[in-house]
Amino acid sequence: MVNEHNNGNDPSDIPKGDPELLERVKMAVHDAEFYFWAEIIKHFPEITTGDIDPWDQMLFDRALEERVYKWYIDNHRKED
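Numbered per the numbering used here, the sequence shown finishes at 81, counting up by one with no gaps.
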C-alpha cells in the first residue's frame with residue numbers, strides 16, 4: 002500500500018498486495034544468502050565459526066528483502 006511515508010517499495014506492503022511475490026523474494030534472498038556466505042568463507046579461511054548476532058541477521062535479511070523487492074519493482078515491466 003502506498004502512503005505518504007513510502008513510495009510503494011516497502012516490503013511490508015507486499016503481503017497486502019501480492020503474498021506470492023513476498024514468498025518469492027524471501028526464497029530468493031534465502032538461497033542467495035547461502036551462496037553469499039559461502040563466498041565470504043572462501044576469502045576468510047582463518048574464520049572457523051559462523052556466529053552472527055540474531056538481531057543483526059534479522060536486519061541483514063530485511064535489508065536484502067527490501068533491496069530485492071525494490072529491484073523487482075524497478076525492473077518488472079507491468080503488462081498493460
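A virtual CB, placed ideally from N, CA and C, is assigned to each residue, including glycine.
- Inclusion of Val69 and Ala39 in the CB contact set at 8 angstroms is not warranted, their separation being larger than that value.
- Assigned with DSSP and collapsed to three states, Asp54 falls in coil, not helix or strand.
- Per DSSP, reduced to three states, the secondary structure at Arg78 is coil, with no helix or strand assignment.
- Taking the Cβ atoms as the reference, Glu34 lies roughly 7 angstroms from Leu65, within the contact range of under 8 angstroms.
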